[in-house]
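Heads up: the structure comes next, in structure tokens.
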Amino acid sequence: MIKVLFFARLQDETGKESIEVDKTNITVDDLKQHLEEEYNLSSLSHTMVAVNENYADGSTTLKEGDTLALIPPVSGG
Amino acid sequence: MESRYARQERFPGIGSQGQQRLQQKHVLILGAGALGSANAEMLVRAGVGTLSIIDRDVVEWSNLHRQQLYTEQDAENHTPKALAAKERLQRLNNDTVVKAYVLDAKADNLEKLIRDVDVIIDGSDNFEIRFIINDLCQKYSLPWIFGAFAGSFGMTYTFLPEKSPCLHCLLPVLPSGGMSCETSGIISPAVQMTASYQTAEAMKLLTGRNEEVRESLLLFDVWKAQHQLIKTAGVKKTNCPSCGTERTYPYLVEEQHTKLDVLCGRNTVQIRPAEPRSYNFKALADTLRTHGEVRQNNHVLTCAFPDCKLSVFQDGRVLIHGTQEIEKAKNLYYRYLAN
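What follows is the structure, given as structure tokens:
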């Protein structure tokens, strides 16, 4: 299982703060694509990611028990 | 009687030496909106030596719920934000030198304004300008403090040249369609929290406590009282075009054409001419008066059409309020202002 944390607009789009996904040994990019389809999300291509609270990129492979945070950049100032 | 800064000096992180340093330092705040206002007020009250504040816009009624430096009078008069900010800030602390710039920040004009600056604080509302700030700060080895929000959510990070990853390392591609206050709204507690973290980081840098600067990306939701720290070790890229070994500073390369932007939270399109130009406000007022009510001061001329409003600035920029449609804005611009 991989735990996924949603931030900002993704909480509104999914109606959830976090979910568990029954996947393992999957790259961040592949999991993003899966979530886009599963939850009908607007594009995650610019979304920042952290794995176990460390900033990561799309090629990172997620292992059993990892926590993935999906952080869409916000721009207001 | 206690001196003005006695309570601040008593805080161990600052001390009397830190206070003296702070009073010698120069901070530049890019953007005098919500974050710019809040950071500026805290730093000026804290006694920073010089504060430069840059903004391209005028005060509007829809700003007043979150932009703490401005009054109803400023909104009524369409006062340029940088000037309204300077007036208010100077009344809060006359010892700080406040420099106000009413201009649309771009790579070339910013480059001239950052020469003797110690820290840049991000009060902007778009990533295009943040990538320019980022490249300038790498080029001139300056720290800058990113801040952004939407809804009740905020994020902030302190970029230290040569040390932390830069914005370009964190975001290899300039984000488009990011959540803005246009779509998600904004509550002032999210502004205040983002700005508070930015000012705290600025205080560390300005008092010489660089080793205490936070090294993580900080995210929070002030409505849900959630905080998250994301570590950024190992994210700095040696091949980064902005901070790596073979730098090209890609965002400092000027685009040479008329530019249109839809502004954050404003139902407004901005048009910037390719070359700076100045208008004869008197002649323009005469032309526009037949189409709608014209008001003007030395800095800006406005004309209220039935369904939208034009603001024309001395440097040639035009804001078209009341629409987000680029085509409609362009038509108005070319009809009344391009020649």
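So the sequence lines, in the order shown, correspond to chains X and B.
The numbering used here puts the first sequence at residues 4 to 80.
The numbering used here puts the second sequence at residues 768 to 1106.
Ideal Cβ positions, reconstructed from N, Cα and C, are used throughout, including at glycine.
These numbers come from a predicted model, not from an experiment.
Under the three-state reduction of DSSP output, B:Gly785 falls in the helix class. Sixteen is the threshold: since fewer than 16 other Cβ atoms of the shown chains lie within 10 Å of the Cβ of B:Pro939, the residue is exposed. The beta-carbon separation of B:Ser908 and B:Glu878, rounded to 14 Å, does not stay under the 8 Å limit for a contact. Around the CB of B:Asp889, 16 or more other CB atoms lie within 10 Å, so the residue is classed as buried. Nearest CB-CB separation between B:Met809 and chain X: not below the 8 Å threshold. If only complete runs of 4 or more residues are kept, the stretch 797-837 of chain B shows the alpha helix (DSSP H) at 801-813, in order along the chain.
Not a single CB atom of chain X sits nearer than 8 Å to the CB of B:Leu1030.
Ranking B:Ala799, B:Ala807 and B:Tyr964 by CA distance to the CA of B:Val980 puts B:Tyr964 first. Excluding residues up to 5 positions away in sequence, Phe1048, Ala1052 and Thr1069 lie with their Cβ nearer than 8 Å to the Cβ of B:Gln1063 in the same chain. When the five nearest sequence neighbours on each side are left out, the beta carbons in the same chain lying within less than 6 Å of the beta carbon of B:Leu1019 are those of Ala874 and Asp902, in order along the chain. What B:Ser951 touches in chain X, judged by beta-carbon distance under 9 Å, is Ala11, Arg12, Asp15, Val77 and Gly79, going in chain order. Cβ contact annotation for B:Ala852 (same chain, cutoff 7 Å, sequence separation greater than five): Ala799, Ser804, Ala807, Ile820, Leu836 and Ala867, in chain order. Rounded to whole angstroms, the separation of the alpha carbons of B:Phe1080 and B:Gly782 is 44 Å. B:Gly780 is outside the set of residues whose beta carbon lies under 8 Å from a beta carbon in chain X. By the Cβ rule, the stretch 951-967 of chain B does not count as touching the stretch 992-1005 of chain B, because fewer than three pairs are nearer than 8 Å. In this structure, X:Leu38 places its C-beta atom within 8 Å of the C-beta atom of X:Val7. The continuous beta strand (DSSP E) containing X:Tyr58 extends over residues Asn57 to Ala59.
Between the alpha carbons of B:Leu1104 and B:Val1085 lies a gap of roughly 9 Å. Judged by beta-carbon spacing, B:Asp871 lies within the 8 Å limit of B:Arg823, meaning their Cβ atoms are closer than that value.
Taking 8 Å as the CB threshold, B:Ser963 stays off the interface with chain X. Per DSSP, the unbroken beta strand (DSSP E) holding B:Ile888 starts and ends at Val886 to Asp889. When CB distances to chain X are screened at a threshold of 9 Å, the residues of the stretch 893-916 of chain B falling below it are Asn893, Phe894, Arg897, Gly914, Ala915 and Phe916, in chain order. Out of B:Leu802, B:Leu795, B:Lys792 and B:Gln791, the CA that lies nearest to the CA of B:Thr961 is found in B:Leu802. Annotation for X:Met51: the continuous beta strand (DSSP E) segment containing it runs Met51 to Val54.
Boundaries of the beta strand (DSSP E) around B:Arg1062: Glu1060 to Gln1063. Put simply, the CB of B:Asp824 is far from chain X, with every gap to its CB atoms at 8 Å or more. Among the bridge pairs identified by DSSP, B:Tyr1100 is matched with none. Per the DSSP secondary-structure output, X:His37 pairs with nothing in a beta bridge.
Taking a C-beta cut-off of 7 Å against chain B, none of the residues of the stretch 18-45 of chain X qualify. Not a single C-beta of chain X is nearer than 8 Å to the C-beta of B:Val869. B:Gln959 and B:Gly1011 have their C-alpha atoms spaced approximately 34 Å apart. Secondary structure of B:Ile900 (DSSP, three-state): helix.
Per DSSP, X:Asp15 lies in no beta strand (DSSP E); the unbroken alpha helix (DSSP H) holding it starts and ends at Arg12 to Thr17. Annotation: B:Asn860 to B:Gly814 spans about 7 Å, alpha carbon to alpha carbon. Residues of the stretch 976-998 of chain B with a C-beta atom less than 9 Å from some C-beta of chain X are Ser983, Leu984, Leu986, Asp988, Lys991, Gln993, Gln995, Leu996, Ile997 and Lys998, listed in chain order.
In this structure, B:Gly816 sits away from B:Thr974, with a CB-CB distance that is not shorter than 8 Å.
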